[in-house]
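Note that numbering that gives the first Met the number 0 has the sequence shown beginning at 0, numbered continuously upward. Structure first, then comments.
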Amino acid sequence: MLDIQRLARKNVRELKPYSCARDEYNGDTGIFLDANENSIGSVLNIDLNRYPDPRQIELKARIAAIKGSTMDRLFLGNGSDEVIDLLIRAFCEPADDKIMILPPTYGMYKVAADINNVAVVEVLLTPAFQIDTVSVLRNTDSVKLIFICSPNNPTSNCLRESDIQKILENFIGLVIIDEAYIDFAPEHSWLPKLNQYPNLVIMQTFSKAWGLASIRLGMAFADSQIIELLTKIKYPYNVNGATQQLALEALSYVDKKNDLVAQILTEREALIKQLKNLKIVKTVYPSDANFVLVKFQGAKKVFDFLIDKQIIVRDRSNVIRCEESLRITVGTAEENKTLINTLKIYRG
Ligand SMILES: *Cc1c(COP(=O)(O)O)cnc(C)c1O
0 MLDIQRLARK NVRELKPYSC ARDEYNGDTG IFLDANENSI GSVLNIDLNR
50 YPDPRQIELK ARIAAIKGST MDRLFLGNGS DEVIDLLIRA FCEPADDKIM
100 ILPPTYGMYK VAADINNVAV VEVLLTPAFQ IDTVSVLRNT DSVKLIFICS
150 PNNPTSNCLR ESDIQKILEN FIGLVIIDEA YIDFAPEHSW LPKLNQYPNL
200 VIMQTFSKAW GLASIRLGMA FADSQIIELL TKIKYPYNVN GATQQLALEA
250 LSYVDKKNDL VAQILTEREA LIKQLKNLKI VKTVYPSDAN FVLVKFQGAK
300 KVFDFLIDKQ IIVRDRSNVI RCEESLRITV GTAEENKTLI NTLKIYRG
């Protein structure tokens with residue numbers, strides 16, 4: 000059985016968090032002379048002179064309702080990047096505990112672990128970009144967290160549900176499923192299964208489908224004990240006031256978000272079709288995300304040629320299992336057309 004408290008670092012378990020002015024009194028009417036803000040106003044004509052709600056109550060309530068979850072199972076961070084860092088800091092004793100990642104995958108897991116002096120166990124995805132569950136479950140010594148990205152970046156595919164389930168059921172530690180691209184996938188989110196797995200953490204973000212990468216807002220859904228630990232160690236005002244206001248506003252436009260996703264999916268299919276017609280393209284991997292991984296003949300030279308034409312894609316050719324491949328974000332119809340026309344005039 001998994002004991003969340005025992006899994007957490009001792010100092011985190013025993014930590015008494017900083018209590019900010021807004022924690023000590025949380026009514027919203029009154030004369031506020033407790034936080035040394037500028038009582039008169041701000042230099043901007045917008046309502047930003049007060050510290051934001053450290054508990055993000057209003058925003059969390061809205062997100063929880065929309066996602067069919069509850070506030071005690073939701074953590075909000077300064078992007079998913081903060082969530083990744085806090086998970087490692089809450090659960091991994093530096094120089095002692097480890098995380099596991101499944102390359103090729105998102106780079107931030109390893110960077111966050113490295114910053115925290117936490118070792119990284121790497122279990123490669125299979126050549127079909129699926130999980131090698133046998134190797135995963137054989138290499139869990141000292142591993143506290145396993146990061147699974149699905150749909151995976153940079154391979155753009157969803158990882159098989161049955162494999163993830165096997166890990167959830169057999170690993171005594173946290174399994175973090177990064178669903179940054181879930182809105183673009185035919186597969187469903189793991190959110191409805193949160194109740195079944197006390198060791199499951201689901202990460203989502205406003206950066207992709209919602210089109211709000213700039214406001215820096217990431218979400219984690221998990222057992223309330225996990226959420227409590229993350230909340231204890233976060234900066235008091237980790238989600239700033241402008242972000243809270245804008246995200247609340249954005250949540251009234253779920254239809255608009257769905258419409259953006261539909262447009263991207265249409266563009267993605269058109270882009271894939273066009274790419275497949277090019278002689279220099281060896282493989283266009285199937286995509287469940289808003290980008291495609293494409294294997295070229297001479298990827299590095301294609302990349303340099305595109306840069307020269309001021310078209311910037313992501314060179315993944317040095318990444319294991321992504322040899323000769325570039326990662327291309329789905330652009331606007333116009334941008335995709337320019338990309339294709341440019342690739343058509345390329346002479347390797
Ligand atoms: C883009 C992306 C994110 C989003 O990170 P934010 O910090 O929320 O912007 C998370 N995970 C993966 C795999 C991504 O590619």
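The beta carbon of each residue, even a glycine, is placed where N, CA and C say it ideally should be. Remember, predicted model here, so these are calculated numbers, not experimental data.
If residue 21 and residue 34 are in contact, beta carbons under 8 Å, what's the gap, nearest whole angstrom?
Separation of the CB atoms of residue 21 and residue 34 is rounded to 7 Å, and the pair is thereby assigned contact status at 8 Å.
Name the residue from 18, 243, 3, 112 whose alpha carbon lies nearest to the alpha carbon of residue 95.
It is 112 whose Cα lies nearest to the Cα of residue 95.
For residue 216, does the count of other Cβ atoms within 10 angstroms reach 16, so buried, or fall short, so exposed?
When all chains shown are included, residue 216 counts as buried.
Which of helix, strand or coil DSSP assigns to residue 203
When secondary structure is reduced to three states using DSSP, residue 203 falls in the strand class.
Suppose you measure from the CA of residue 247 to the CA of residue 323; what does that come to, to the nearest Å?
The straight-line gap from Cα to Cα measures roughly 42 Å.
Just to confirm, are residue 348 and residue 91 a CB contact at a threshold of 9 Å?
In the structure as shown, the chain begins at 0 and stops at 347. Residue 348 is therefore absent and cannot be evaluated.
Ordered along the chain, which non-local residues of its own chain (more than five positions away) have a Cβ less than 7 Å from that of residue 280?
Correct list, in chain order: 274, 293, 295.
Nearest-angstrom Cα separation, counted from residue 227 out to residue 142
C-alpha separation (whole angstroms): 21 Å.
Ends of the alpha helix (DSSP H) at residue 107?
The continuous alpha helix (DSSP H) containing residue 107 extends over residues 107-114.
Could you check what DSSP says for residue 163 in three-state terms: helix, strand or coil?
The answer is helix: DSSP assigns residue 163 an H, G or I state.
Counting only the same chain and skipping the five closest in sequence on each side, list residues whose C-beta sits under 8 Å from that of residue 14.
Contacts found: 231, 232.
Select from 70, 69, 106 the residue whose C-alpha is nearest the C-alpha of residue 84.
Of all alpha-carbon atoms in 70, 69, 106, the one lying nearest the alpha-carbon of residue 84 is that of 106.
Contact shell at 5 Å, judged by CB to any heavy atom of ligand 1, ordered along the chain:
With 5 Å as the limit between CB and the heavy atoms of ligand 1, the residues that fall short of it are 78, 79, 80, 105, 148, 152, 177, 179, 204, 206, 217.
Is residue 215 helix, strand or coil when you go by DSSP?
DSSP places residue 215 in coil when its eight states are reduced to three.
Could you give the residue range of the beta strand (DSSP E) that holds residue 120?
118-121 is the span of the beta strand (DSSP E), which, as asked, contains residue 120.
Outcome for residue 272 when other beta-carbon atoms lying within 10 angstroms are tallied against a minimum of 16:
Burial call: exposed.
Between which two residues does the alpha helix (DSSP H) harbouring residue 256 extend?
That run of the alpha helix (DSSP H) goes 253-275.
Anyone know if the C-beta pair for residue 79 and residue 179 falls short of 9 Å?
It is a contact, given that the beta carbons lie within the stated cut-off.
Counting pairs of Cβ atoms below 8 Å between the stretch 196-215 and the stretch 249-264, do you hit three or more?
A contact exists between the stretch 196-215 and the stretch 249-264.
Option in 37, 117, 169, 236 with minimal Cα separation from residue 87:
The option with the nearest alpha carbon to residue 87 is 117.
contact_flag[the stretch 234-248, the stretch 263-271] where n(CB pairs < 8 Å) is 3 or more:
Result no; under three Cβ-Cβ pairs closer than 8 Å.
Would you grab the beta carbon distance between residue 158 and residue 320 for me? Rounded to a whole angstrom, and I think it's under 8 Å.
The pair is not a contact, with the Cβ atoms about 14 Å apart (cut-off 8 Å).
When we look at the beta-carbon of residue 137 and count the other beta-carbons within 10 Å, is it buried (16 or more) or exposed?
In the assembly as shown, residue 137 is an exposed residue. Its beta-carbon has fewer than 16 other beta-carbons within 10 Å.
Should the stretch 300-314 be called in touch with the stretch 337-347, which here means at least 3 C-beta pairs below 8 Å?
Segments in contact, yes.
Does the Cβ of residue 288 have 16 or more other Cβ atoms within 10 Å, making it buried, or fewer, making it exposed?
Buried.
Which whole-angstrom value describes the C-beta separation of residue 331 and residue 310, a residue pair presumed to lie in contact below a C-beta threshold of 8 Å?
Distance from residue 331 to residue 310 at the Cβ level is roughly 13 Å; contact not present, criterion being Cβ atoms closer than 8 Å.
Enumerate, from N- to C-terminal direction, the unbroken alpha helix (DSSP H) stretches of 4 or more residues contained entirely within the stretch 288-328.
Complete alpha helix (DSSP H) runs here, min 4: 298-307.
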